[in-house]
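Engineer: Please see the structure below; I have some questions.
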Amino acid sequence: MTIKVNGIEIGTITTNRSLTIEEAMYSLGYDINDQDDCRKGYEKEVEGFYLDDCGNYCFDYEAAEMEY
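The numbering used here puts the first residue of the sequence shown at 1, with every later residue one more than the last.
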């Protein structure tokens, strides 16, 4: 499966089952519920990670999609 954010491929995972966006991102090395991992993605300029108005590092779930 290919993970894309805003149409830009950010990773590929080989699996024999369906994954949630959260599980897929964890498989790519990013726990999207962890500030440090979101900061790491933001600093590496991985599509989908951003710094919000309050200074929190976040991941844009709505822009993420998976292609099987």
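Positions of the beta carbon are idealized from the N, C-alpha and C atoms, including for glycine.
#1: Return yes when the Cβ of residue 57 is within less than 8 Å of the Cβ of residue 42, no when it is not.
#2: To which residues of the same chain is residue 51 closer than 8 Å at the C-beta, ignoring the five residues directly before and after it?
#3: Using only the heavy atoms of the ligand MG, determine whether one of them is closer than 7 Å to the beta carbon of residue 2.
#4: Restricting to runs no shorter than 3 residues, where is the beta strand (DSSP E) found entirely within the segment 5-53?
Structural biologist: This is what the structure gives:
#1: yes
#2: 42, 57 and 58
#3: As for the ligand MG, it is missing from this structure, which has no ligand bound.
#4: 8-12 and 49-51
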